[in-house]
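Structure first, commentary second.
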Amino acid sequence: MNKCMCTSVILLLVGIALHIALPFVIHGEISRRMKLFKGSTLFDSWSTCRSGIVVEFYFFTVTNEKDFMHGSKPIVNEVGPYTYEQSTCKDALDAFPQNGSVRYSDKNSFKFLPERSVGLESDELTVLNVGYIAIANRIGESRILDEVAKMIFKLFYHSQLFLNKTVSEMIWGYEDPALKFISKFITVETIIGLYPGKNDSAGPTFEVEDGVQNTTKVGQILTFNGHREMSVWNTSLANHIAGSDGSLFPPFLESTVHVFSADLCRSLQFHTAKKPETVYINSVPTTKFSLSKETFLSPEECPDNRGFCLDYPNCPKSGTLDMRTCMKGAPIAISLPHFNGADESYRNAVIGMHPRDDMDISLYIEPQTGVILQALQLIQINAIVQSNPHLSELAHLKNVTYLPIAYINTSIYVSESVARTLMSTLIVPQMSIRVAASLVVISALVSLVVNGGMLIYRHCHPSQISDGTQENAPLIVQCPSDSPSFDDPQVSIAESSPTPERSQTSQAAEGGVKSV
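Going by UniProt numbering, the sequence shown opens with residue 1, and the numbers climb by one from there.
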């Protein structure tokens, strides 16, 4: 019994020790592996070309062009998706172990997927003449420049506020004739498009932490194009570069992560819900991080966003971000699709907006390793159209209209092989050890309860039969059941009948008496 009790106690301690030690063992093993140096497993995986990125383009066409130019609200019709598969490879990859960093740029390539699109790249769309709007915003500053601009409009645009362009031109860019002419005198961007120069070309250069000295900083951006902060916004807080590029996160994530977007020239903040729910992606448990609600708030509602207002205190209402300093003067503002979460005035100014809650930016990350299993990014591009009394096409417009041009839905899905690797090397071993430890603890507890119960029972109900010792001997000793009793007739007869020896003794005694 004592041996059983000791064994149960030992098993219980082993099970508890496994539960306590497992997180520390996992933490140490993950920290050992999450280092970005040449030859490491993480480096080989991170530097491999990524596929499985799907990019969908949705365009807005204005169906009442003339009425819009005469002051009516624009009526827009959504056309899409036009879908592409994106592949990303690390280009100009260099490691600097002496600095604890890795430098690289991403090279993207896109393949059109007609089976997942509503049409072909050659489809024509009637879209806003963004070049016209860009030049028009400068009219009114000088009478001489105003006359030159009007001549340019007539010569190159034929005074057209809307143009017919193909899907391919809208995505990969087209050369604007008026801007090309102006570029002979001043530096301006002559290509207009959503992704100009992005196909089969290297992007900006990043330098990130390799995590050798501190695993919690692996993948964090040190410099962007050689600079430690941006110079496009009005405050150091707005220009601060925080987080990673979104392809790699440190392990053991907390409730907040940061991602720097080169396209938006700023860092974005993501939070988990107050009560985060586990979302399974390819059977891997992940945590959802959603874009902070403060990202597109006006300085009136979020003072930290003052640096993103280009003409403080004349700032746009919450829900948009003016991109003119980021996009070299282009009259563009970004928002979530259909002005989701934005001030109602944006949606009320355009007919055809139908926002949904899922039109957002979110990340699904395995929190222990920082591996991103899924990312959904939806961004809308809007033209800032201002009324201008000097131009007949803009003279009757309302003061400012944020006219949607398109929105882009980028979906990143990790491959099933990566998910299987995570399951086999991290999730399943943890579950197996936890289950085994739990079974050991339960078995030990059951054994302790059973053995303890038996001991208590024996203590409360001792044996009633003597064990033969002096202390436990009964006061009255009973005779064996086969001993004859005094009432037995045979006993009486035996006692009354003399034996032969007794008869001889009696006769001798009698003779002695006679002789006397």
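No residue lacks a Cβ here, since even glycine has one placed at the ideal position from N, Cα and C.
Source: prediction; values computed, not measured.
Let's test the definition: count the other Cβ atoms within 10 Å of the Cβ of residue i and tell me whether it reaches 16, buried, or not, exposed.
{"i": "F308", "result": "buried"}
{"i": "F153", "result": "buried"}
{"i": "F96", "result": "exposed"}
{"i": "K293", "result": "exposed"}
{"i": "L13", "result": "exposed"}
{"i": "F185", "result": "exposed"}
{"i": "F156", "result": "buried"}
{"i": "R50", "result": "buried"}
{"i": "C265", "result": "buried"}
{"i": "Q98", "result": "exposed"}
{"i": "D210", "result": "buried"}
{"i": "H227", "result": "exposed"}
{"i": "L161", "result": "buried"}
{"i": "I133", "result": "buried"}
In angstroms with no decimal places, state the Cα-to-Cα distance between residue i and residue j.
{"i": "K288", "j": "S362", "result": "7 Å"}
{"i": "L125", "j": "V167", "result": "7 Å"}
{"i": "F110", "j": "G203", "result": "14 Å"}
{"i": "E147", "j": "G140", "result": "10 Å"}
{"i": "S231", "j": "T325", "result": "9 Å"}
{"i": "F60", "j": "K35", "result": "45 Å"}
{"i": "I384", "j": "S335", "result": "12 Å"}
{"i": "N129", "j": "M353", "result": "21 Å"}
{"i": "S443", "j": "T7", "result": "11 Å"}
{"i": "A395", "j": "P389", "result": "4 Å"}
{"i": "I144", "j": "G71", "result": "28 Å"}
{"i": "L163", "j": "N314", "result": "31 Å"}
{"i": "K180", "j": "K150", "result": "16 Å"}
{"i": "R33", "j": "L291", "result": "29 Å"}
{"i": "L120", "j": "R356", "result": "27 Å"}
{"i": "T216", "j": "R347", "result": "42 Å"}
{"i": "N137", "j": "M323", "result": "14 Å"}
{"i": "L42", "j": "S438", "result": "32 Å"}
{"i": "R306", "j": "G39", "result": "44 Å"}
Excluding the 5 residues preceding and the 5 following residue i in the sequence, name in chain order all residues of the same chain whose CB lies nearer than 7 Å to its CB.
{"i": "D304", "result": "L237"}
{"i": "V279", "result": "T286, K288 and Y364"}
{"i": "A178", "result": "G131, I135, I152, F156 and Y157"}
{"i": "L113", "result": "T83, Y84 and E85"}
{"i": "K317", "result": "S298, D343 and S345"}
{"i": "I171", "result": "F57, G193, L194 and Y195"}
{"i": "D200", "result": "S109"}
Can the beta-carbon of residue i be found closer than 8 Å to that of residue j?
{"i": "V127", "j": "K165", "result": "yes"}
{"i": "E229", "j": "H240", "result": "yes"}
{"i": "S47", "j": "P81", "result": "no"}
{"i": "E56", "j": "T88", "result": "no"}
{"i": "F249", "j": "G173", "result": "no"}
{"i": "I372", "j": "I75", "result": "no"}
{"i": "T320", "j": "Y402", "result": "yes"}
{"i": "Q374", "j": "I456", "result": "no"}
{"i": "E207", "j": "T223", "result": "yes"}
{"i": "G52", "j": "V284", "result": "no"}
Below 8 Å on the Cβ atoms is my guess for residue i versus residue j; work out the distance and round it to an integer in Å.
{"i": "I192", "j": "G131", "result": "6 Å"}
{"i": "P404", "j": "Q380", "result": "6 Å"}
{"i": "Q213", "j": "G100", "result": "6 Å"}
{"i": "A333", "j": "N399", "result": "Rounded, the Cβ-Cβ distance is 15 Å, inconsistent with contact."}
{"i": "K328", "j": "E175", "result": "About 15 Å separates the two Cβ atoms, so there is no contact after all."}
Among the residues of its own chain, which have a CB less than 6 Å from the CB of residue i, if the five just before and after it don't count?
{"i": "G197", "result": "none"}
{"i": "L397", "result": "S387"}
{"i": "A242", "result": "H258 and S267"}
{"i": "K107", "result": "C89, D91 and A202"}
{"i": "D94", "result": "R103"}
{"i": "Q256", "result": "Looking at the sequence shown, residue 256 is not Gln but Thr. H271, listed in sequence order."}
{"i": "N409", "result": "E56 and L378"}
Near residue i, what residues of its chain come up, given a Cβ to Cβ distance below 8 Å and the 5 sequence neighbours on each side ignored?
{"i": "S392", "result": "S159"}
{"i": "Q368", "result": "I26, I30, P251, F252 and L426"}
{"i": "E78", "result": "Y58, F59, F60 and G352"}
{"i": "I262", "result": "Sequence inspection shows Ala at residue 262; the Ile mentioned does not correspond to that position. Only G203, P204, F224 and D245 meet the Cβ criterion."}
{"i": "V477", "result": "Legend: pLDDT at V477 = 45, less than 50; position of this residue unreliable, value from coordinates given subsequently. Contacts found: none."}
How about residue i: is its Cβ closer than 7 Å to a heavy atom in the ligand FMN?
{"i": "P97", "result": "In the structure shown, the ligand FMN is absent, as is every other ligand, since no ligand is present at all."}
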